[in-house]
Amino acid sequence: MPPRLRIFFSALMAALFCIPAVALYSELSRRADIWWTPAPLALSLADSKDRVEIYARGQPLGTLVEQHRVSMMDGTESRALTAQEIGLRFNNWDRVRVQRLPLLLVCAAACGGTAVLLLLVATGRLVYRGEHDAAA
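Okay, so the sequence shown: first residue is 0 according to numbering that gives the first Met the number 0, each after it adds one.
Below, the structure written as structure tokens:
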């Protein structure tokens, strides 16, 4: 392979390497603490039963609220909480992490494959052996 073509293909492979590398870097450098449910969208106890159960002294919080056994001090008076006054926020980082795993694997494989091709082209290992005889 002529040196000019080797340099061209090496530069092409380096440029193609940057595409998945930038995507991989942007995914890995994303903040992990932004995946909490927004406060205005906090779920009620009834809506969150499939994701969490909260117990106080061995009894479910929903049962304690229904029996008016959970109260809160407002200044000097104590008032029982209702189910509508309790909201739950979730950290969805575990779900986001699982959803982005295929993208990370594809980008990592593309980076590895492109790096191998760059190494092979830059060192001249992809030369067809018949080219030496035809050029001589």
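No residue lacks a Cβ here, since even glycine has one placed at the ideal position from N, Cα and C.
Item                                                                                                             : Value
Going straight from the alpha carbon of T75 to that of G86, what length do you get?                              : 24 Å
Tell me the DSSP secondary structure of S28 in three-state form.                                                 : coil
Which full runs of the alpha helix (DSSP H) of 4+ residues lie inside the region 51-127, going along the chain?  : 60-65, 92-122
If I'm right that L44 touches G57 with Cβ under 8 Å, what's the distance once you round it to whole angstroms?   : Not a contact, Cβ separation roughly 17 Å.
List the DSSP bridge partners of W35.                                                                            : N90
Taking the alpha-carbon of L23 as reference, which of L116, V120, G123, C106 has the nearest alpha-carbon?       : C106
Nearest-angstrom Cα distance between A41 and P101?                                                               : 29 Å
Thinking T36 and V64 are a contact (beta carbons under 8 Å), I'd like their distance in whole angstroms, please. : About 20 Å; that fails the 8 Å criterion.
When DSSP labels each residue in this structure, what does L42 get in the three-state scheme?                    : strand
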